[in-house]
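Heads up: the structure comes next, in structure tokens.
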Amino acid sequence: MTDTTATTDTGDARARIRAFLLPHMSGQVIADTDDYFALGYVNSLFAMQLAAFVQKEFSIVLKPEHMDFDNFRTVDGLVRLVGTAA
Amino acid sequence: MSAAAEAGTVIPLDPPVPAALADEVGRRLLFVSPEITGYRLDTAEDGDLRGVVLYSAAPLDAEAVAGKLNRLLDADVRPQLANPATVVWSSPHQRATTPAFPALAEAGAVTEVGEGQVAVGEPLLSLLEFFDRLVLDALAEDFTATAYRYPTLIRTDALAKAGYFTSFPQHLMLVTRLRNDVDVYREFHRTYGAGLEPGVLALGGNVDYCLPPTMCYHTFHQHEGRTLDPGVHVITARGKSFRFEAGYATTLERLWDFTIREIVFLGPRDDVLAARETFMGRAFALLDELGFAGTCETGNDPFFGGTDTPSRIWSQRLLGLKYELRLPVAADRDIAVASFNFHDDLFGKAFDIGAGDPRETVRSGCVGFGLERLAYAFLCQFGLDEAQWPERVRAGLREDRR
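Going down the list, the sequences are from chains A and B. The UniProt record's numbering puts the first residue of the first sequence at 1, with every later residue one more than the last. The UniProt record's numbering puts the first residue of the second sequence at 1, with every later residue one more than the last.
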């Protein structure tokens, strides 16, 4: 039961993250491992929007230990961040 | 930083500022009002910053200053997410480090001739040339750079295009002149023959040129509108750079008027990032070989007063857009002697610099070495006795003297 709940939560987080990202991706379809910063779909300032989004959407508080760019540059990274910071 | 024997005005910070952002407060205080000559941060037991003491020649209007300061912190600092520095290089060398400025002044090698302005003689002159050549030699290991010498003045519209006015207004230094009108010259003779006061600006008003805060803006301006060949392009220049530092200026550690060796990389994103990384590796190896103590870590530019200042600072640190090479100059203090920067397409877009077919906006990066700081850190770490300096430095200086 615990495992099933965790899977559902992760899937839900992934969907909500993808929904947030979609309008910012210049019409491109992105894979969960795509680095949208390196691909040039967003600029560096978008990182702050991501931080504000995950804090508000998932009611989490980002701490210094979460400040790893790998947590912000892909969908997979954001899902991991939300799971870690929750 | 405090000024003894001056009036101290206590300014509460409401709400308090987290301890991790104390440096961001400290680096802004002397720009809040020109009457402020020093400060002390009042840190609570929990580490949060609950107030500051501001020093001034005459008592400050506490309410007015508190309003200005808290508004600035609300915009620039409080929204920042604490983001500790990531160290990417740490020297294996430990050195006993002593500030060298008093001994240099005693020997007549440095003279403070104005705020943030220091006249330098030997051995600093030779060390400046030596370290500049060392940086260029390190660059030449991997790159063929095109060298330029730029004018001292830079066009105001070039700085505006680079976004300098909205990013760093606190550092801007304007250049003006008398209006070329014989009546103006006559009035100038009559009124200001014995000296200037700010009213003289009414006879000028020209703001077409500024003093450059760094060399890379010259490079972007020079390449404006061009389409470059594919691949990474490396441009280098050395020149005097100018930043108003208010009362933060001190010895050779922070000058209003200093010398930068700058290297700019232009090209595709991956190539520019790889070039920056390659050169960082060369620089670290060089410092290691010479025996310097120091570190290199993520840093941020002193963005000030803009609507997106917290975002820019935080993203710069998170994405590793800026690395600072920091060398100790005292037992409890280090200074940034170089920075390694990646701008992505910021300046390529602003100056319409493209490459390839089909044409794409270039990405850019730059490396800047503050030569006075580098030479000064060397003297703080190795002392003034040339016999105690690394053989490579002594041999280089001997060669220069031939």
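The C-beta atom is built at its ideal place from N, Cα and C for all residues, glycine as well.
query, result
"Runs of beta strand (DSSP E) lying entirely within the segment 268 to 327 of chain B, each at least 3 residues, in chain order", "295 to 298"
"Inter-residue spacing [alpha-carbon to alpha-carbon] between B/Phe347 and B/Leu321", "14 angstroms"
"The alpha helix (DSSP H) enclosing B/Phe101, as first and last residue numbers", "Phe101 to Glu106"
"Contact with chain B by A/Leu78, beta-carbon distance below 8 angstroms", "no"
"Euclidean distance between Cα positions of B/Ala377 and B/Val184", "47 angstroms"
"Reduced DSSP secondary structure (H/G/I, E/B, other) of A/Ala6", "The predicted position of A/Ala6 is uncertain, since its pLDDT is 42 and thus under 50; a value taken from the coordinates is nonetheless stated next. A/Ala6 falls in the helix class under three-state DSSP."
"Proximal chain A residues relative to B/Arg312, where beta-carbon distance stays under 7 angstroms", "Leu45"
"Within chain A, the residues that B/Ser319 reaches when beta carbons sit closer than 9 angstroms", "In the sequence on display, residue 319 of chain B carries Leu and not Ser. What B/Leu319 touches in chain A: Phe37, Ser44, Ala47, Phe69, Phe72 and Arg73."
"Members of the segment 9 to 25 of chain B near chain A, C-beta cut-off 9 angstroms", "Ala20"
"Beta-carbon gap between B/Pro16 and B/Leu54 smaller than 8 angstroms", "no"
"Exposure label - B/Pro310; buried when at least 16 CB within 10 Å", "buried"
"Host alpha helix (DSSP H) of residue 414 of chain B (start-end)", "Any answer about residue 414 of chain B is impossible in this case: the structure gives chain B only from 1 up to 402."
"Straight-line gap, A/Arg16 to A/Val82 (C-alpha atoms, nearest Å)", "11 angstroms"
"Chain B contact residues for A/Pro23, given Cβ-Cβ distances below 9 angstroms", "Near A/Pro23 there are no residues of chain B at all, since even the closest Cβ is about 19 angstroms away, more than 9 angstroms."
"For B/Ser241, the first and last residue of its enclosing alpha helix (DSSP H)", "Unbroken run through B/Ser241 is the beta strand (DSSP E), His233 to Phe242; no alpha helix (DSSP H)."
"Proximity to B/His292 [Cα-Cα], best of B/Gln381, B/Leu397, B/Phe168 and B/Phe143", "As written in the sequence, residue 292 of chain B is Phe, which differs from the His given in the question. That would be B/Gln381, whose Cα lies nearest to the Cα of B/Phe292."
"Own chain partners of A/Arg18 with C-beta closer than 7 angstroms, once the 5 adjacent residues on each side are dropped", "Val75"
"Through-space distance from B/Ala57 to B/Arg392, alpha-carbon basis", "48 angstroms"
"Contact check, B/Gly365 vs B/Val272, beta carbons under 8 angstroms", "yes"
"Any beta strand (DSSP E) of 3 or more consecutive residues that is wholly inside the segment 124 to 192 of chain B", "146 to 148"
"Amino acids of chain A, ordered along the chain, whose beta-carbon sits closer than 7 angstroms to that of B/Asn83", "Pro64 and Met67"
"7 angstroms Cβ cut-off: residues of chain B touching A/Ala51", "Leu81"
"Anticipated Cβ contact below 8 angstroms, B/Val367 with B/Phe279, distance rounded", "6 angstroms"
"Among B/Val52, B/Val87, B/Ile263 and B/Asp229, the one whose alpha carbon lies nearest that of B/Ala145", "B/Ile263"
"Cα-Cα separation, B/Val329 to A/Glu57", "46 angstroms"
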